[in-house]
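Chemist: Before I ask anything, let me first share the structure, which is written out below as structure tokens.
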Amino acid sequence: MNAAEVLVDALERHGVRYVFGIPGHGNTNILDAIHGSDRIDFMLVRHEQAAAHIADGYARVSGQVGVCCSSVGPGAANMIMGIATAMSTSSPVLAIVGAPIQRWYGRGQLQETSRPDTAPADQAFMQMLQPITKRVWSIADPRTIPTAVRKAFTAAQVGRPGPVGIEIPWDLQASEVETLPEDPDPFPARARPRADADLTNRAAQLLVDAEAPVIIAGNGALISGAGGAVIALAESLGAAIASSFVSKGVVPEDHPLAVGMVGWLGHPVAHELIRERADLILAVGYRFADESTSWWTEGKPFVPQNRIVQIDIEAREMGRAGPIELGLEGDALAVVNDLREAVERLGGRPSAAADAALIRRAKNAYQLDLTPPDATPMEPLRVAEQVRRVLPDDSIISVDTGNHAHYFSAFYPIRAGGRFLNPGGWTPMGWGPTAIIGAKLAQPDKACVAVTGDGGFLMVNQEVSTAVEWGLPVVWLVFNNSSLAAIRDGQMADFGGRIIGTEYSVEVDYAELGRALGGEGVRVTRHDEVEDAIRWALDCGRPCVVDLVVAADAVRPPIAGAWFEPGRGEPAPMPRGSEVRYSSSE
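In the numbering used here, the protein residues as written are 12 to 597.
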């Protein structure tokens, strides 16, 4: 066997079904080895960035490691965006990249990442990936490939998951090698470390004694599959359940105790319950990052009166953004289950039923004021509500970065069986329209819909032809306002209305573009056309682009948080007692 065949054998042993990528002179041996496999398919994309994003979407939905592959140099560099996104959202992705011919390192080979004053060990492209991966391996001896693959799969999945990388020089791929294969590590990839028992019991006592506990289930809870355990604990406590943007849907948002997202795109009810009532926050795999705290602005939603118990798989996340009362290091599912058992041993909270009733009243008191149904151009807030009426409860929705995401954050409820995917804190434009292809490959029987703006779609629209080639009936909802509206709105508000590079002067028909790329396309300009157009797109059985022409100066959604930019001024704080609209005890 040559080294490329050894690599593919190792991937087969780890259950890999697909490798996403583009051929290049630095990975042709690997592709030829994949061609000889009856277990792995090479999936051709149109841009390497999409290969990484599709691998990410596939990993999140399938629960398996997503694998992407590129040539040396530019191809590998193009994958950096997707790998960094996977790192920011703890998604297990393996990036395999070619490298220049090993024996000529340092000579300035074609596409070599090198300088003449560095040693051979410094030529590895993988140094670029070190800050955005859990670990990288640069293969110097092809006999180490089975070990590197085994370790890479384990690293990608254990603890806090994340991307890893393997680089194999072009000449080594073709070299004959004798080596022993290695099977996956025998211990479960999804280990369930428990927190210290005494600390768990202390946390349970804090929860039972709390006047108004609130649980925030973050991405760690989603990755761990802790949604059901969070519900059981919340029901025993009478506690409200909130989520972050990345973890939206970890608990079905039509559950009586679910109050929606927190952060700068947060729901008014969730924010009010935390700001005005909560004395104890149980943070489950939630990091208190800038976006999820409105840049640490008081009252949006957190206030000094909130004491915090934090659960995380990584000790270094404890108290990272501010002081906490207690930290529980361990797997979210295991720790929450232990907490529930400890709470039950203590007899639960006496006021659980009354507090649950208050939460239900608060949710019922909130009414979203929709924009008029005859508005022209269409208003995104009403379009989001129409999309929710049409899509099945168990659909997978992938929301790209942009102004449209503001309407699908707090005000598009994810119900039981549904998934809400988004790029997380790295927030690259173009993630949503590509990751949804990987999601559809992982769950072909689910309706898979990307929600994107025209700006993000223009960056990756070529991947419509990828979905056509693969026979995947993905639907793209393109919010077409001929602008980069999220940034344009900031310019309007903070720079004297000066519009700088955020409006398109050339109108694009995205439905026609979808057809030109081999798919279907529907253009929608009126609200009374929206639902029928989406139904048709879902039923047509082919990849379809729905061009939604919406207002550039749309009504903004009534989000409860705040955005911060230097030069804009600090967001105004809202200390406890500022406003009670929904959660009155009367």
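In this text, a Cβ means the ideal position worked out from N, Cα and C, and glycines have one as well. Note that this is a predicted model, so its numbers are computed, not measured.
Buried or exposed: where does Ala427 fall if 16 or more other Cβ atoms within 10 Å of its Cβ makes it buried?
Modeler: To locate residue 427, count along the sequence shown from 1; it is residue 416. Flag for Ala427 reads exposed.
Chemist: Measure from the alpha carbon of Tyr29 to the alpha carbon of each residue in Arg546, Gly249, Gly68 and His36, then state which is nearest.
Modeler: Sequence index remark: in the sequence shown, residue 29 carries index 18 (1-based). Nearest of Arg546, Gly249, Gly68 and His36 to Tyr29, Cα basis: Gly68.
Chemist: Would you mind sorting Gln122 into buried or exposed? The rule is 16 or more other CB atoms within 10 Å of its CB.
Modeler: Here residue 122 is taken as the residue at index 111 of the sequence shown, counted from 1. So Gln122 counts as buried.
Chemist: Helix, strand or coil: which one does DSSP assign to Pro142?
Modeler: The sequence position of residue 142 within the sequence shown is 131, counting from 1. Note: Pro142 maps to helix in three-state DSSP.
Chemist: Taking Pro569 as the reference, give the member of Tyr423, Glu264, Glu246 and Arg57 with the closest Cα.
Modeler: As a position in the sequence shown, residue 569 is number 558, starting the count at 1. For the residues Tyr423, Glu264, Glu246 and Arg57, the minimum Cα distance to Pro569 belongs to Tyr423.
Chemist: Which residues in the same chain as Ile112 place their Cβ atom closer than 7 Å to its Cβ, once the five residues preceding and following it in sequence are excluded?
Modeler: Working through the sequence shown from its first residue, we reach residue 112 at position 101. Taken in chain order, the residues that qualify are Gln120, Pro180, Trp181 and Asp182.
Chemist: Between Gly238, Ala66 and Ala202, which lies nearest to Val261 when the distance is taken from Cα to Cα?
Modeler: By 1-based counting over the sequence shown, the position of residue 261 is 250. Of the listed residues, the one whose Cα sits closest to Val261 is Gly238.
Chemist: What separation, rounded to the nearest whole angstrom, lies between the Cα atoms of Gln60 and Glu287?
Modeler: Position 49 of the sequence shown, counted from the first residue, corresponds to residue 60. Position 276 of the sequence shown, counted from the first residue, corresponds to residue 287. So the alpha carbons of these two residues sit roughly 44 Å apart.
Chemist: In three-state terms, what does DSSP make of Thr8?
Modeler: Only positions 12 to 597 of the chain appear in the structure, and residue 8 is not among them; the question remains open.
Chemist: Can you give the Cα-Cα distance for Val72 and Ala450, rounded to whole angstroms?
Modeler: For this step, residue 72 is matched to residue 61 along the sequence shown. For this step, residue 450 is matched to residue 439 along the sequence shown. Going from the Cα of Val72 to the Cα of Ala450 covers about 6 Å.
Chemist: Counting pairs of beta carbons, one from the region 400-409 and one from the region 30-40, are three or more of them closer than 8 Å?
Modeler: No, the region 400-409 does not touch the region 30-40.
Chemist: Quick check for students: name the residue ranges of the beta strand (DSSP E) that lie wholly in the region 240-290, counting only runs of 3 or more.
Modeler: Counting only runs of 3 or more, we get 251-254 and 269-272.
Chemist: What residue does the beta strand (DSSP E) around Trp547 start on, and which one ends it?
Modeler: Looking up residue 547 in the sequence shown gives position 536. Counting along the chain, Trp547 falls outside any beta strand (DSSP E), though it belongs to the alpha helix (DSSP H) covering His538 to Asp550.
Chemist: May I ask you to report which of helix, strand or coil DSSP gives Glu302?
Modeler: One-based indexing of the sequence shown puts residue 302 at position 291. Glu302: helix per DSSP, three-state reduction.
Chemist: Which one of Arg114, Met137, Phe506 and Gly231 has the shortest CA to CA distance from Gln168?
Modeler: Position 157 of the sequence shown holds residue 168. With distances taken between Cα atoms, Gln168 lies closest to Gly231.
Chemist: Could you give the first and the last residue of the continuous alpha helix (DSSP H) run that contains Thr463?
Modeler: Reading the sequence shown from its first residue, position 452 is the one you call residue 463. Here Thr463 belongs to no alpha helix (DSSP H); instead the beta strand (DSSP E) covers Cys459 to Gly464.
Chemist: Can you give the Cα-Cα distance for Tyr418 and Ala243, rounded to whole angstroms?
Modeler: Counting from 1 along the sequence shown, the entry for residue 418 is found at position 407. Counting from 1 along the sequence shown, the entry for residue 243 is found at position 232. Tyr418 and Ala243: Cα-Cα distance of roughly 30 Å.
Chemist: Within its chain, find whatever has a CB closer than 6 Å to the CB of Pro384; leave out the 5 residues flanking it on each side and keep chain order.
Modeler: Locating residue 384 in the sequence shown gives position 373, counting from the first residue. Hits under 6 Å: His538.
Chemist: Using a 10 Å radius around the Cβ and a threshold of 16 neighbouring Cβ atoms, would you call Phe468 buried or exposed?
Modeler: The sequence position of residue 468 within the sequence shown is 457, counting from 1. Looking at its Cβ environment, which holds 16 or more other Cβ atoms inside 10 Å, Phe468 is buried.
Chemist: Quick check: what's the CA-CA separation for Ala364 versus Ala215?
Modeler: Locating residue 364 in the sequence shown gives position 353, where the first residue counts as 1. Locating residue 215 in the sequence shown gives position 204, where the first residue counts as 1. The alpha-carbon atoms of Ala364 and Ala215 are separated by roughly 18 Å.
Chemist: Please give me, in chain order, every unbroken run of the beta strand (DSSP E) with length at least 3 that falls completely inside the region 367-443.
Modeler: Runs found: 407-410 and 430-432.
Chemist: Pull up the distance between the alpha-carbon of Ile234 and that of Ala228, whole angstroms please.
Modeler: Position 223 of the sequence shown, counted from the start, is the residue given in the question as residue 234. Position 217 of the sequence shown, counted from the start, is the residue given in the question as residue 228. Distance between the alpha carbons of Ile234 and Ala228: 11 Å.
Chemist: How would you call Arg499, buried or exposed, if buried means at least 16 neighbouring beta carbons within 10 angstroms?
Modeler: Looking up residue 499 in the sequence shown gives position 488. Buried.
Chemist: For Phe198, which three-state DSSP category applies?
Modeler: By 1-based counting over the sequence shown, the position of residue 198 is 187. It is coil, neither helix nor strand.
Chemist: Terminal residues of the continuous beta strand (DSSP E) containing Gln567?
Modeler: Numbered from its first residue, the sequence shown carries residue 567 at position 556. First, the amino acid is wrong: residue 567 is Arg here, not Gln. Here Arg567 belongs to no beta strand (DSSP E), and DSSP marks it neither H nor E.
Chemist: What does the alpha-carbon distance come out to for the pair Asp194 and Pro554?
Modeler: Working through the sequence shown from its first residue, we reach residue 194 at position 183. Working through the sequence shown from its first residue, we reach residue 554 at position 543. Looking at the two C-alpha atoms, the distance is approximately 38 Å.
Chemist: Judging by CA-CA distance, which residue of Glu542, Gly578, Val535 and Asp550 is the nearest neighbour of Ala562?
Modeler: Mapped onto the sequence shown, residue 562 falls at position 551. Among Glu542, Gly578, Val535 and Asp550, the Cα nearest to that of Ala562 is on Val535.
Chemist: On the DSSP bridge assignment, give the partners of Ile292 in chain order.
Modeler: In the sequence shown, counting from the first residue as 1, residue 292 sits at position 281. Answer is Val225 and Ile319, bridged to Ile292.
Chemist: Alpha carbon to alpha carbon, how far is Glu531 from Cys551?
Modeler: Within the sequence shown, residue 531 is the residue found at index 520, counting from 1. Within the sequence shown, residue 551 is the residue found at index 540, counting from 1. Spanning the two alpha carbons is a distance of roughly 8 Å.
Chemist: Helix, strand or coil for Leu55? Go by DSSP, reduced to three states.
Modeler: For the purposes of this step, residue 55 is taken as residue 44 along the sequence shown, with counting starting at 1. Strand at Leu55.
Chemist: Please state whether DSSP places Trp481 in a helix, a strand or coil.
Modeler: Within the sequence shown, the letter at position 470 stands for residue 481. Helix.
Chemist: Would the region 297-312 count as touching the region 268-288 if we require 3 or more Cβ pairs under 8 Å?
Modeler: The region 297-312 is in contact with the region 268-288.
Chemist: On a Cα-Cα basis, can you pick out the residue from Asp52, Gly26 and His58 that is closest to Asn472?
Modeler: In the sequence shown, residue 472 corresponds to position 461, counting from 1. Comparing Cα-Cα distances from Asn472 to each of Asp52, Gly26 and His58, the minimum goes to His58.
Chemist: For the ligand NAD, is there any heavy atom lying closer than 6 Å to the beta carbon of His46?
Modeler: With respect to the ligand NAD, the structure offers nothing, as it holds no ligand at all.
Chemist: In chain order, what residues of the same chain have a beta carbon less than 6 Å from the beta carbon of Val398, not counting five sequence neighbours either side?
Modeler: Here the question's residue 398 lines up with position 387 in the sequence shown. Cβ within range, chain order: n/a, list empty.
Chemist: Look at the alpha carbon of Pro263 and the alpha carbon of Glu189, and state the distance between them as a whole number of angstroms.
Modeler: The residue you call residue 263 lines up with position 252 of the sequence shown. The residue you call residue 189 lines up with position 178 of the sequence shown. Looking at the two C-alpha atoms, the distance is approximately 52 Å.
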